[in-house]
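What follows is one structure encoded as structure tokens, with my remarks underneath.
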């Protein structure tokens, strides 16, 4: 089982993944853009990492930023 997982989604999908991980004892890392800094999933996750500006091509779709966030936080997997 994974110890820590990065959730490369946002909104309701991210919340569902976080809720599924909690009972399993898996720590969660949420990613967000500067425009989504107040998103609800960030409060539910164990850690949160900003992956770039508001434009999704420069944040959520930037695979280098997502992988770097996973590496920096010690994640074993990316969802």
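Numbering (the UniProt record's numbering), first residue to last: 1 to 79. The C-beta atom is built at its ideal place from N, Cα and C for all residues, glycine as well.
In the three-state reduction of the DSSP assignment, residue 48 falls in the strand class. A straight line joining the alpha-carbon of residue 79 with that of residue 4 spans about 11 Å. Shortest Cα-Cα distance from residue 43 to any of 2, 10, 75 and 57 involves 10. Annotation for residue 15: the continuous alpha helix (DSSP H) segment containing it runs 11-21. C-alpha of residue 72 to C-alpha of residue 40: approximately 22 Å in a straight line. Closest by C-alpha distance to residue 53, out of 67, 35 and 25, is 35. Residue state for residue 38 is assigned as coil, using DSSP reduced to three classes. Residue 8 carries a coil assignment under DSSP once its states are collapsed to helix, strand and coil.
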